[in-house]
Structures are given as C-alpha cells and as structure tokens.
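The next block holds one structure in the form of structure tokens; read it before the comments.
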Amino acid sequence: MPPVRVRIAPSPTGDPHVGTAYIALFNYVFAKKNGGQFILRIEDTDRTRSTPESEEAILRALKWVGLQWDEGPDINGPHGPYRQSERSLLYKEETRKLIESGAAYRCFCTAERLEALRHEQRRQGLFVGYDGLCRGRTREESDTRSSAGESFVVRLAMPRTGETIFIDRLRGEVKFDNAQIDDQVLLKTDGFPTYHLANVVDDHHMQITHVIRAEEWLSSTPKHIVLYQAFGWQAPEWVHMPLLRNADKSKISKRKNPVSLDYYRAAGFLPEALLNYLGTMGWSIAGDRELFSLAEMIEVFTFDRVSLGGPVFDLVKLSAVNAIYLRALDDAGVVKRLREWRLSDDFLKALVPLVRERVQRLDEFIPLTEYFFAGDLDYAPVAKELVPKNRTAKEAAEMLLAYVEALDTQRDFTPAALEPMARAFAEKAGWQAKELFMLIRVAVSARKATPPLFDTVVAVGRDMAKRRLRLAAEFVKKLA
RNA sequence: GGCCCCAUGGUCUAGCGGUUAGGACGGCGCCCUCUCACGGCGUAAUCCCGGGUUCAAUUCCCGGUGGGGUCACCA
Numbered sequence: 508m509p510p511v512r513v514r515i516a517p518s519p520t521g522d523p524h525v526g527t528a529y530i531a532l533f534n535y536v537f538a539k540k541n542g543g544q545f546i547l548r549i550e551d552t553d554r555t556r557s558t559p560e561s562e563e564a565i566l567r568a569l570k571w572v573g574l575q576w577d578e579g580p581d582i583n584g585p586h587g588p589y590r591q592s593e594r595s596l597l598y599k600e601e602t603r604k605l606i607e608s609g610a611a612y613r614c615f616c617t618a619e620r621l622e623a624l625r626h627e628q629r630r631q632g633l634f635v636g637y638d639g640l641c642r643g644r645t646r647e648e649s650d651t652r653s654s655a656g657e658s659f660v661v662r663l664a665m666p667r668t669g670e671t672i673f674i675d676r677l678r679g680e681v682k683f684d685n686a687q688i689d690d691q692v693l694l695k696t697d698g699f700p701t702y703h704l705a706n707v708v709d710d711h712h713m714q715i716t717h718v719i720r721a722e723e724w725l726s727s728t729p730k731h732i733v734l735y736q737a738f739g740w741q742a743p744e745w746v747h748m749p750l751l752r753n754a755d756k757s758k759i760s761k762r763k764n765p766v767s768l769d770y771y772r773a774a775g776f777l778p779e780a781l782l783n784y785l786g787t788m789g790w791s792i793a794g795d796r797e798l799f800s801l802a803e804m805i806e807v808f809t810f811d812r813v814s815l816g817g818p819v820f821d822l823v824k825l826s827a828v829n830a831i832y833l834r835a836l837d838d839a840g841v842v843k844r845l846r847e848w849r850l851s852d853d854f855l856k857a858l859v860p861l862v863r864e865r866v867q868r869l870d871e872f873i874p875l876t877e878y879f880f881a882g883d884l885d886y887a888p889v890a891k892e893l894v895p896k897n898r899t900a901k902e903a904a905e906m907l908l909a910y911v912e913a914l915d916t917q918r919d920f921t922p923a924a925l926e927p928m929a930r931a932f933a934e935k936a937g938w939q940a941k942e943l944f945m946l947i948r949v950a951v952s953a954r955k956a957t958p959p960l961f962d963t964v965v966a967v968g969r970d971m972a973k974r975r976l977r978l979a980a981e982f983v984k985k986l987a
C-alpha cells in the first residue's frame, strides 16, 4: 500500500469557504489517522476569477482553523508547484498525449454554435451535450487548422457505449451510462485546463491516493475515471462527502448563510469549536457523544461512521458548541482569545481616530464604539431609518442586497475605494448617494450617526458588514 | 426534464431484525437564585408511503413520494 496522500483543492475566487474547511477537515483527519500527507493545492485555472487576495485569505483561514498542510504553495514539497497556474506546461503535454492516442480531440466550434445547440437540445428535451461535430474531423484537418492559428478547445472523447462504474467509499458501486456523459472540455481556448483535466493530472502526479471531496463532484467522477483510463493511470479511491446545507436543504450558499470563514472568526467563534462542529456534520464519534478534539477525532476516525443525509448547517447549534469551548477556558484564556479577536491594541488604535473628536471623556468610548464589537444588531429602534423617504421597504431591501452582492467583487476594501464605488452604485440604481449611504450606515451600525461611513464599514470588517447588510435587508423586507 | 445520490423528532445524530427508538441543540415547565446567565430535573416532538422477505421490520429487497446534486471554455 502506498502512503496515504490526500489534498484539498480550493479555487481562489472569493471568500475562504466554510465548505472548504469542512472537506479539509476530513482530508486532514484521514491523512493523520493513516500517517499520511495532507496537501494544499490552489486551483486557479479560471484566470478571470482567481485573485491572489483570495488565495492569501484561504491560506490564512485554513491556518486559523488549525488544519496545517504538509505540502502547499507556501511549503516546499517534492511534487510542486502547488498552484495550477504554474503547471500549464504539464497540462499541455498531457493533453498532447491524449490527442495523439485519440482519447481527446480539438474542437473548433464557436460559443454561438454551442449555445444554439444546447438551446435546441433543451427545447426538444434531449440529452444536453456536445454533438461531436469536431470529433469526426480527421487528424490532418485538426492539425492544419490549429497550426494555422485557429483557436480551439480540447475535448474528451467519451466512450459512447457501455457504462462507467466506480466504488465510492461511502455509497458503494455507482454506475453511469457513458452515452449520458458529455465530451467534457479539458483545455480551454486560453490554453488553461479545466478542473477535470487539471485535477486528474495533478492528483496523479502528486500521487494522491484518496480523493475526498464534496458530493457535488459525484456525477463528474466518470469523466475523471475515463481520463485515468486514457492516461493508463491508476485511479485513486473516491470518497464523496455529503454537502453542507442551508435550512431549506439546498446546497449551502452565501445568500442564505454566512459562508466565509472570516465571518466565523469575526463573529467570535473559536476555531476548535468550529472544527468540532464540522466534525459532527455527517460524521459521529459515538452514539451519545458530540464533543471531541481534533486529536480525538483523528484517533478513532473511520469513514464507516459517515451518514449521507445532507446536514443542515445550523448557527444556533454551532453557537452552543462554541459556548462549551468558551466556558472551558480559564479567565486568562478568555482574555487571550478576546485580544486575538477584537480587543487587540491594533484594532483599538484603528478605532481611536474615528471617535477621538466625538468623545469628551474616556467613559464615552465604549458606548460609542459598541457596534464594532457586536455581532448581529437589533434594527427595531432604527426601523424607520431603513426605509428612505420616497422609497418603499421593498426597494430598500433590494438595494441592500444588491449592494452586498457588489461588495463580493470589491477587491480593494478601503474607505478610499469604497466611497466612489458606492457613489457609482447609487447613481446606476437611480438613487442619491446620501440615501444609500444612510441605508448602509444604519444597516452596519444600527445607528443614525457614526464616524465617516466607509471608515466605519472597514472597521466593522467586510464579513461582518456583509452579514449585517443582509440581516438589515431581511428586517426591512418584513416591514413591507 | 435526463442522469446520479439521499431519507430517524424543527435541526445534528445513535441504531446496523426483537430497544419503553438513545444523546445533543432548539421549545416548554420546574428547581437553584437578589436578577440574568450557568447548572440540575422534567416534558412535548421522529422511524416518508406502499408492497414484499421474515416468527419478527426503523433496520434487508423492490416500487412510489419527497429532498438534494449535476448537466459551462466555473470550480
């Protein structure tokens, strides 16, 4: 048996996701249980959405929860680099082999043709997928057109008959009819690989033995198996963990749940409590026990105790678990955590310029800055401020939500950048800037008067600000 | 819609043919107590439905129903 090697492979396209921590936990625990290696690989092949800020945030967040990787972009290892954007040559070379063996082919179809094709297939209620037009072209034509500089993607030539069967560690045998599987794009026009190709190539070259990932990947596993077969490689073992869910059972999403690990840190959750809670999602240590440390989880871990119903991620229960961890700390321990959280010199220093002209005595400082240290706020006392004059509650709620969405793609989270962004945003929506600003102010602080708005927003923090904007929107909706 | 996965209280779960269906969060009530919280005790609430198999099904099989995922040059 080769040594166990597992990986977590996040895509740096946004906030560090709680689902990433969830899957990382099971990978980490399984690796440690078996004396194996846990690898962090950054899947940044989507050049338009990947950002270095997001990558940094993911590394920071994973360190915060305490899941340290053995090999990764910041740690030397024998199978690097660990960032897919730095492995382009490898994917191209492997793709060339696939084209040569006939397992893959160049496709010159335009986006418009594919769009029309899908539309028609959907209209007729047929299987939706590539129709194989370019699969029928001769190698000569394909070579000539590509060397003439025509742009193309490379597609996997899926077998058209038979079925692909694999063993999922948690479900047993899973079968797919090959005819139902699309000729997946492996290499994009920009020369970067898609997830499917990069993932298989890297998992093989990095000698990954067990792919432990979320259930959303289950239905693309046959494509991956076919790739392993085409390369003549041994496929890893497959473990598809259940998906974390919103209260309505849909896949956990930022619209319905705080999803950023940065939020959980800002909201005062202890990393060991978060990990413990995530460990009870779909897994149990024993019938009558739910509190355990990472070390204890590692000690007794087995996939046999995974249950497959998608667990609803419940902030109330998480808070209850957190409370137990918090109470177990001694007084000095609590102080230490408070300092690591918001009562640090750095944070207090950042607040002083915002309020120094606004206080006459020291005793006014805490009441005046209270909302910088709070979590969810009570909007009832400021309810009428949340609906600007001449706007309806519905409009206000929609505005708040639209603004949160806009914040998602705001890379520069500084007052200097946020203000013009908000002004432009207001103008585009046909709002006066001051209408929007007051709305944001009240949502973020539950007050009518604060220090300059965007200094306030920045000090509250991106994730807490977003949470409050959403909660304020919910609140306003109920006023309608 | 096609394909795939799943199904124990509101939620997280234990159970792996015979149990008064266990624990936790949340709810409610009582006790503790100057208040609140903590803590303690108690209480309501669950095996999706229908067929099989079996002496016996929450548990095994099949079918429904329900929920979810996936069908991108995103991962």
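Just so we're aligned, residue 508 is where the first sequence starts under our numbering, counting upward by one.
From the three backbone atoms N, C-alpha and C, an ideal C-beta is built for every residue, glycine too.
Check whether residue i and residue j have beta carbons under 8 Å apart
i	j	result
Asp577	Phe545	yes
Val708	Glu877	no
Leu751	Gly526	yes
His717	Val511	yes
Ala972	Leu908	no
Ala903	Leu869	no
Arg676	Phe808	no
Asp551	Glu562	yes
Leu704	Tyr598	yes
Gly817	Met804	no
Ala611	Ala655	no
Ala900	Val983	yes
Met748	Ala780	no
Cys641	Arg603	no
Val635	Val660	no
Pro778	Gly639	no
Pro959	Pro922	yes
With 16 other Cβ atoms within 10 Å as the buried cut-off, status of residue i
i	result
His712	exposed
His524	buried
Gly937	exposed
Ala835	exposed
Lys856	exposed
Lys570	exposed
Lys682	exposed
Ile674	exposed
Ser814	exposed
Ala754	exposed
Gln591	buried
Asn764	buried
Met788	buried
Ala623	exposed
Thr728	buried
Best match in the options for proximity to residue i [C-alpha to C-alpha]
i	options	result
Val967	Val983, Asn753, Phe982 and Ala950	Ala950
Phe920	Tyr637, Gln575 and Thr963	Thr963
Leu633	Ile688, Asp811 and Trp571	Ile688
Arg646	Leu624, Leu822 and Gly609	Gly609
Lys761	Ala538, Asp915 and Thr552	Asp915
Ala913	Val681, Arg977, Lys941 and Arg590	Arg977
Tyr886	Ser952, Glu871 and Met508	Ser952
Leu833	Gln867, Lys856, Gly775 and Leu850	Gly775
Leu943	Glu797, Pro895 and Glu622	Pro895
Lys990	Gly794, Glu905, Lys941 and Pro922	Residue coverage of the chain in this structure runs from 508 to 987, which leaves residue 990 outside it and unanswerable.
Val766	Ala568, Leu858, Gly543 and Phe961	Ala568
Gly543	Gln714, Ser791 and Ser649	Gln714
Asn706	Val911, Arg974 and Pro517	Pro517
Ala538	Phe872, Asn829, Leu693 and Ala802	Ala802
Arg772	Asp970, Arg975, Val828 and Ser800	Asp970
Arg975	Gly679, Arg918, Gly882 and Pro519	Gly882
Leu825	Phe738, Gly521, Val859 and Glu797	Glu797
Arg594	Ser649, Gln736, Asp710 and Ile565	Asp710
Beta-carbon contacts of residue i that lie in its chain and below 7 Å, excluding the five residues immediately before and after
i	result
Ile515	Thr527, Ile530, Ala531, Asn534 and Leu547
Arg554	Asp697 and Phe699
Lys955	Val889, Glu892 and Val949
Leu845	none
Gln939	Ala933
Asp684	Glu670
Close beta carbons around residue i, own chain, < 6 Å, minus the five adjacent residues each side
i	result
Gln575	none
Tyr589	Arg548, Gly579 and Pro580
Sequence-distant residues of its chain with Cβ nearer than 8 Å to residue i (five each side left out)
i	result
Gln917	Ala924, Leu925 and Met928
Decide yes or no for the touch test of the segment 743-757 against the segment 552-566: beta carbon pairs closer than 8 Å, at least 3 of them.
These segments do not touch.
Would you check if the segment 689-699 and the segment 669-679 touch, i.e. whether three or more CB-CB distances between them fall below 8 Å?
No: the two stretches stay apart, fewer than three of their Cβ pairs being nearer than 8 Å.
Whether or not the segment 718-738 and the segment 615-628 are in contact is what I'm after, with contact meaning three or more pairs of Cβ atoms, one per stretch, closer than 8 Å; do they touch?
No contact exists between the segment 615-628 and the segment 718-738.
Can you confirm whether the segment 865-879 touches the segment 926-942 when touching is taken to mean that 3 or more C-beta pairs between the two stretches lie within less than 8 Å?
The segment 926-942 is not in contact with the segment 865-879.
For the segment 622-639 and the segment 583-595, state whether three or more C-beta atom pairs, one from each stretch, are separated by less than 8 Å.
Proximity of the segment 622-639 to the segment 583-595 falls short of the contact definition, fewer than three beta-carbon pairs being nearer than 8 Å.
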